[in-house]
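Enquirer: One structure is given below, represented as structure tokens, and several questions about it will come after.
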Amino acid sequence: MDINHCEDCGYQANNVFRDYCPECGSEDYIVIEKEPKWFCVSIYLVNRAYGGPEEGGWYFTCGEPVERAQVFLKTFWDFSQALMYRDRLQNALNICWNYGRPSISSVLSQGRFEALIDEESIPKPFPQQIPHFE
Numbered sequence: 023m024d025i026n027h028c029e030d031c032g033y034q035a036n037n038v039f040r041d042y043c044p045e046c047g048s049e050d051y052i053v054i055e056k057e058p059k060w061f062c063v064s065i066y067l068v069n070r071a072y073g074g075p076e077e078g079g080w081y082f083t084c085g086e087p088v089e090r091a092q093v094f095l096k097t098f099w100d101f102s103q104a105l106m107y108r109d110r111l112q113n114a115l116n117i118c119w120n121y122g123r124p125s126i127s128s129v130l131s132q133g134r135f136e137a138l139i140d141e142e143s144i145p146k147p148f149p150q151q152i153p154h155f156e
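Mapping of the sequence shown onto this note's numbering: residues 23 to 156, in sequence order.
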């Protein structure tokens with residue numbers, strides 16, 4: 023996770039991508055990389071959603087936490103441990119829950135279950151806002 027910091031007024035914000043400070047307008051707005059303090063591994067149902075008709079139609083990847091899978095949710099202080107758990111969980115999902123499910127790029131897709139890692143956040147649907155075609 024990145025933190026933006028204004029050297030003029032001291033304003034700080036997480037993951038705000040701007041070239042100027044939203045508080046005072048200063049251009050001395052720098053990005054400070056910060057190591058996440060904890061990681062959450064959980065199961066999402068990931069699929070593709072229709073974005074719009076532009077350029078012959080386009081799709082974006084979206085995901086929702088699976089409520090019935092909350093028993094598999096685990097938090098870690100160490101990223102390498104979260105990664106190992108995520109890999110083991112994904113292997114189990116591929117054998118059990120994803121067996122026979124087509125790829126998310128298929129027109130027959132109903133989504134695939136994926137173990138994902140969130141940084142300093144509980145599981146929440148993504149994206150938070152529907153992307154716009156540019």
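Don't be surprised by glycine CBs; every beta carbon is placed ideally from N, CA and C.
1. Let me know if residue 11 comes out buried or exposed under the rule of 16 or more other beta-carbons within 10 Å of its beta-carbon.
2. What does a CB cutoff of less than 8 Å around residue 125 pick up in its chain, not counting 5 residues either side in sequence?
3. Assuming residue 90 and residue 137 are in contact, meaning their beta carbons sit under 8 Å apart, how far apart are those beta carbons, in whole angstroms?
4. Which same chain residues, not among the five before or five after residue 142, have their C-beta less than 7 Å away from its C-beta?
5. Sorted by chain position, which residues of the same chain lie with C-beta nearer than 6 Å to residue 121's C-beta, five sequence neighbours on each side aside?
6. Would you mind listing the beta strand (DSSP E) stretches within the region 80-120 that are 3+ residues and don't spill past its ends, in chain order?
Expert: Taking the coordinates as given:
1. In the structure as shown, the chain begins at 23 and stops at 156. Residue 11 is therefore absent and cannot be evaluated.
2. 131, 134
3. About 15 Å separates the two Cβ atoms, so there is no contact after all.
4. 23, 58, 59, 60
5. none
6. 80-87, 96-98
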